[in-house]
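Residue numbers for the sequence shown follow the UniProt record's numbering, beginning at 1 and rising by one.
Glycine is no exception: its CB is placed at the ideal position from the N, C-alpha and C atoms.
Because the structure is a prediction, the values reported are computed rather than measured.
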Amino acid sequence: MIKRFFHYFNWVSKQAHCLAKHLIGSVVLIGCFCSFPGFGQQAEFPDTAILIENVNIFDGKKDAIKANYHVLIVNQLIKKISDKKIPYQGDALKINGQGFTLMPGLIESHGHLAIVDSLPNLKHHYDWVDIGVRQAAMAKSWLLDGFTTIRDVGGPTMGLKRSIDAGIVPGPRIYPSGAFISQTSGHGDMRERSDRHPYLDGAIDETMQRLGYYYIADGVPQVLAATRNNLRNGATQIKIMAGGGNGSEFDPIDSLQFRPEEIKAIVNAAKDWDTYVTAHVFYPDQINRFIDAGGMSIEHAPAIDELTMKKVVNKGVFVAMQMNGLSKELRDSPFNPPYAKAGIIEIQNDSKNFVKLVKKYRPKMVFATDALGDIDTQMKQRRFELYERARIFGNFETLKSATSVGGELMQLTNRRNPYKLGKLGVVEEGAYADLLIVAGNPLADISLLGANKQWHDAQPPESIDTIKVIIKDGQIIKSRLRNGHAND
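1. For P260, which three-state DSSP category applies?
2. Answer yes or no: do G245 and I253 have a C-beta to C-beta separation smaller than 8 Å?
3. Within the continuous beta strand (DSSP E) that includes V366, where are the two ends?
4. Less than 8 Å between the CB atoms is what I'm expecting for T227 and P418, so what's the real figure, rounded?
5. Can at least three beta-carbon pairs, one atom from the stretch 420 to 436 and one from the stretch 352 to 360, be found at a separation below 8 Å?
6. Quick one: is P442 buried, meaning 16 or more other Cβ sit within 10 Å of its Cβ, or exposed?
7. Report yes or no: do the stretch 467 to 484 and the stretch 61 to 80 share at least 3 C-beta pairs separated by less than 8 Å?
8. Y276 bridges to which residues according to DSSP?
9. Is the stretch 184 to 198 close to the stretch 136 to 150, with three or more CB pairs under 8 Å?
10. Give me the residue from I50, V71, A49 with the minimum Cα distance to F58.
11. What did DSSP end up calling H197 once you bin it into helix, strand or coil?
12. Identify the continuous beta strand (DSSP E) that holds L53 and give its terminal residues.
13. Using beta-carbon positions only, say whether M158 and G178 come within less than 8 Å of one another.
14. Within the same chain, show all residues whose beta-carbon is closer than 7 Å to that of Q348, passing over the 5 residues directly before and after it, in chain order.
15. Count the other CB atoms within 10 Å of the CB of R210; is the residue buried (16 or more) or exposed (fewer)?
16. By the 10 Å Cβ neighbour count, where 16 or more other Cβ atoms means buried, how is E306 classified, buried or exposed?
17. If we count the other Cβ atoms within 10 Å of its Cβ and call it buried at 16 or more, is R243 buried or exposed?
18. Work out the CA separation of L399 and G60 for me, nearest whole Å.
19. Does the distance from the C-beta atom of T278 to that of S297 stay below 8 Å?
20. Rank K161, G154, G155 by C-alpha distance to the C-alpha of T148 and give the top, closest one.
21. Which partner residues does E108 have in the DSSP bridge list?
22. By how many angstroms is the C-alpha of G234 removed from the C-alpha of D292?
23. L449 and I467 look like a contact to me (Cβ under 8 Å); what is the Cβ gap, rounded to whole Å?
24. Determine the DSSP secondary structure at N96, reduced to helix, strand or coil.
25. What residues are listed by DSSP as bridge partners for H70?
26. From N96 to P337, what distance separates their C-alpha atoms?
27. Exposed or buried, what is S463 when buried is set at 16 or more other beta-carbons lying within 10 Å of its beta-carbon?
28. How far does the alpha helix (DSSP H) with P120 in it extend, from its first residue to its last?
29. Give the straight-line distance between the Cα atoms of M410 and F100, rounded to the nearest whole angstrom.
30. Mind pulling the beta strand (DSSP E) runs of 3 or more residues that sit fully within the stretch 216 to 272?
31. Assign S479 to buried or exposed, taking buried as 16 or more other Cβ atoms, counted over all protein chains shown, within 10 Å of its Cβ.
32. Looking at the unbroken beta strand (DSSP E) that takes in P176, where does it start and where does it end?
33. On a CA-only basis, which of R391, P302, T275, K271 is nearest D285? Give me that one, please.
34. Alpha carbons only, please: which of M241, Q222, D195, Q257 is nearest the one belonging to A269?
35. Would you mind sorting V129 into buried or exposed? The rule is 16 or more other CB atoms within 10 Å of its CB.
36. Roughly how many angstroms lie between the CA atoms of I238 and V317, to the nearest whole one?
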């Protein structure tokens, strides 16, 4: 009883502190209206409610804005949406939306929160503490750019996810893949030429594998062990390398990676845990081998051909392609390692039909940045990705890929989904209250969300002032609405 009393006292104190900060004016808030998941059931404590009035709504699904609406949030979920005033009997924090746009929080479907520097620097100069501290700061920067969910597709982010979910550090919801799984000589085999093989040469303390970035696995027994270990550690889906890439020095980009029986073993092991596998692929033979084995999500796939695209659409496979990967800015980047330049040119030359095929067949395309590096580097890349994607596919398709389609992809985790109470990526009753209030209409102007036509030459990123409010899990993370709040 005493413990419960002190918990309730702390809960009330936090609510009062958060509300006081709201009433002061322009603030950034982290951790208001906490649910304290580690202390019993939420029903033991009073509901927390936010009533947002006078907003226009982009719901994440339709190319339209619904004008003059009101939204009630209770605890973590959207309780009611109405074009009429919403009566609420309890205490609620009111937000005057001032005719701004309410939209879903953004979803990044190809993130690397733990790749906080170049891969060689990570290998030679970082330990777990360096990585942990920097990825926590990275997560906060993504959240304050309006990204309330990230599917992380390679790296040691399970502990970060647990810390965010427990309210210890701020950040998006994370769907972690854990260590990506690669064959020997595959895209995830990051050893330098003189490094010993972790199994053949007895180098059991291989650095990047020990840090949790990848597993090198060959044959069915090893790929099963790698898959199951990721699942044991909290992976919500599995990421494999099924083809060559530019970020690895010793595998040709066109190489087929993993035998069909190895991929099938990985897919079946993931299915045993009621989740799915995604794969790094570029070329049609890589894509076909993977989805024929049961893969449901492909990363990149820029050189896809028409027959393979038809198969992708017919099977309902999701496509996570970063459009910055086909840009002149990437090709001319001063940061490309020498061994990557030729591969970038080759893959861009082989990918000239990608945009045409996407527009013709309309696969389930999710927003993907594939940003690597420090905070400024990742911020610049994701803001350029918003611009480049909108330039190619339009604002609506870009926003849909970063909201409702991304939310649909997260649901593929089925019973491994750590966030089961509601949908993500939509503004509808019963969905999670992961929301942005934006000054203006992002369907008309994508720069309101930070989109920038410059990438490497961009100025150091600053806060996106047009994102006035960020709400995640029913908690106000950021508010820039002056005099926009009142205690009912």
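Per the coordinate set shown:
1. Taking the first residue of the sequence shown as 1, we reach residue 260 at position 260. The answer is helix: DSSP assigns P260 an H, G or I state.
2. Against the sequence shown, residue 245 aligns to sequence position 245. Against the sequence shown, residue 253 aligns to sequence position 253. Yes.
3. Walking along the sequence shown from the start, residue 366 turns up at place 366. Per DSSP, V366 belongs to no beta strand (DSSP E) and is neither H nor E.
4. As a first step, residue 227 is located in the sequence shown; it is residue number 227 there, counting from the start. As a first step, residue 418 is located in the sequence shown; it is residue number 418 there, counting from the start. Rounded, the Cβ-Cβ distance is 18 Å, inconsistent with contact.
5. no
6. Residue numbering aside, residue 442 sits at position 442 when the sequence shown is read from its first letter. The residue in question, P442, is buried, as its Cβ has 16 or more Cβ neighbours within 10 Å.
7. Per the Cβ contact rule, the stretch 467 to 484 is in contact with the stretch 61 to 80 (3 or more Cβ pairs under 8 Å).
8. The residue labelled residue 276 in the question sits at position 276 within the sequence shown. Y276 is not bridged to any residue.
9. By the Cβ rule, the stretch 184 to 198 does not count as touching the stretch 136 to 150, because fewer than three pairs are nearer than 8 Å.
10. For this step, residue 58 is matched to residue 58 along the sequence shown. When only C-alpha atoms are compared, the closest one is V71.
11. One-based indexing of the sequence shown puts residue 197 at position 197. It is coil, neither helix nor strand.
12. Mapped onto the sequence shown, residue 53 falls at position 53. Checking the displayed sequence, the identity of residue 53 turns out to be Glu instead of Leu. First-last of the beta strand (DSSP E) with E53: 49 to 57.
13. Sequence index remark: in the sequence shown, residue 158 carries index 158 (1-based). Sequence index remark: in the sequence shown, residue 178 carries index 178 (1-based). Their beta carbons are under 8 Å apart, which means M158 touches G178 by this criterion.
14. Translated into the one-based positions of the sequence shown, residue 348 becomes position 348. Answer for Q348: L326, R331, listed in chain order.
15. Here residue 210 corresponds to residue number 210 of the sequence shown, with the count starting at 1. Exposed: under 16 other Cβ atoms inside 10 Å.
16. Here the question's residue 306 lines up with position 306 in the sequence shown. E306 is exposed by the Cβ-count criterion.
17. For the purposes of this step, residue 243 is taken as the residue at position 243 of the sequence shown. It is Gly, not Arg, that sits at residue 243 in the sequence shown. G243 is buried by the Cβ-count criterion.
18. For the purposes of this step, residue 60 is taken as the residue at position 60 of the sequence shown. For the purposes of this step, residue 399 is taken as the residue at position 399 of the sequence shown. Whole-angstrom Cα-Cα distance: 7 Å.
19. Stepping through the sequence shown from its first residue, residue 278 is reached at position 278. Stepping through the sequence shown from its first residue, residue 297 is reached at position 297. Yes; because the gap between Cβ atoms is below 8 Å, this pair is in contact.
20. Counting from 1 along the sequence shown, the entry for residue 148 is found at position 148. Measuring from the Cα of T148, the nearest candidate turns out to be K161.
21. Translated into positions along the sequence shown, residue 108 becomes position 108. DSSP output for E108 lists I150 as bridge partner(s).
22. For this step, residue 292 is matched to residue 292 along the sequence shown. For this step, residue 234 is matched to residue 234 along the sequence shown. Whole-angstrom Cα-Cα distance: 26 Å.
23. If you number the sequence shown from 1, residue 449 lands on position 449. If you number the sequence shown from 1, residue 467 lands on position 467. Sure, about 7 Å apart at Cβ, within 8 Å.
24. In the sequence shown, residue 96 corresponds to position 96, counting from 1. Strand, per DSSP.
25. Here residue 70 corresponds to residue number 70 of the sequence shown, with the count starting at 1. Answer is S82, bridged to H70.
26. Locating residue 96 in the sequence shown gives position 96, counting from the first residue. Locating residue 337 in the sequence shown gives position 337, counting from the first residue. Looking at the two C-alpha atoms, the distance is approximately 50 Å.
27. Residue mapping note: residue 463 aligns to position 463 of the sequence shown, counting from 1. Looking at its Cβ environment, which holds fewer than 16 other Cβ atoms inside 10 Å, S463 is exposed.
28. Here residue 120 corresponds to residue number 120 of the sequence shown, with the count starting at 1. Run containing P120: 119 to 125, per the alpha helix (DSSP H) assignment.
29. One-based indexing of the sequence shown puts residue 410 at position 410. One-based indexing of the sequence shown puts residue 100 at position 100. One C-alpha to the other measures close to 28 Å.
30. 238 to 241
31. On the sequence shown, residue 479 is found 479 positions in, with the first residue counted as 1. The residue is buried, with at least 16 neighbouring Cβ atoms inside 10 Å.
32. Counting from one through the sequence shown, the residue named residue 176 turns up at place 176. Its beta strand (DSSP E) spans residues 173 to 176.
33. Counted from its first residue, the sequence shown places residue 285 at position 285. Ranking the options by Cα distance to D285, first place goes to P302.
34. Translated into the one-based positions of the sequence shown, residue 269 becomes position 269. When each option's Cα is compared against that of A269, the closest is Q222.
35. Within the sequence shown, numbered from 1, the residue matching residue 129 stands at position 129. By the C-beta density criterion, V129 is exposed, having fewer than 16 other C-beta atoms within 10 angstroms.
36. As a first step, residue 238 must be located in the sequence shown, where it is residue number 238. As a first step, residue 317 must be located in the sequence shown, where it is residue number 317. Taking the straight line from one Cα to the other gives about 15 Å.
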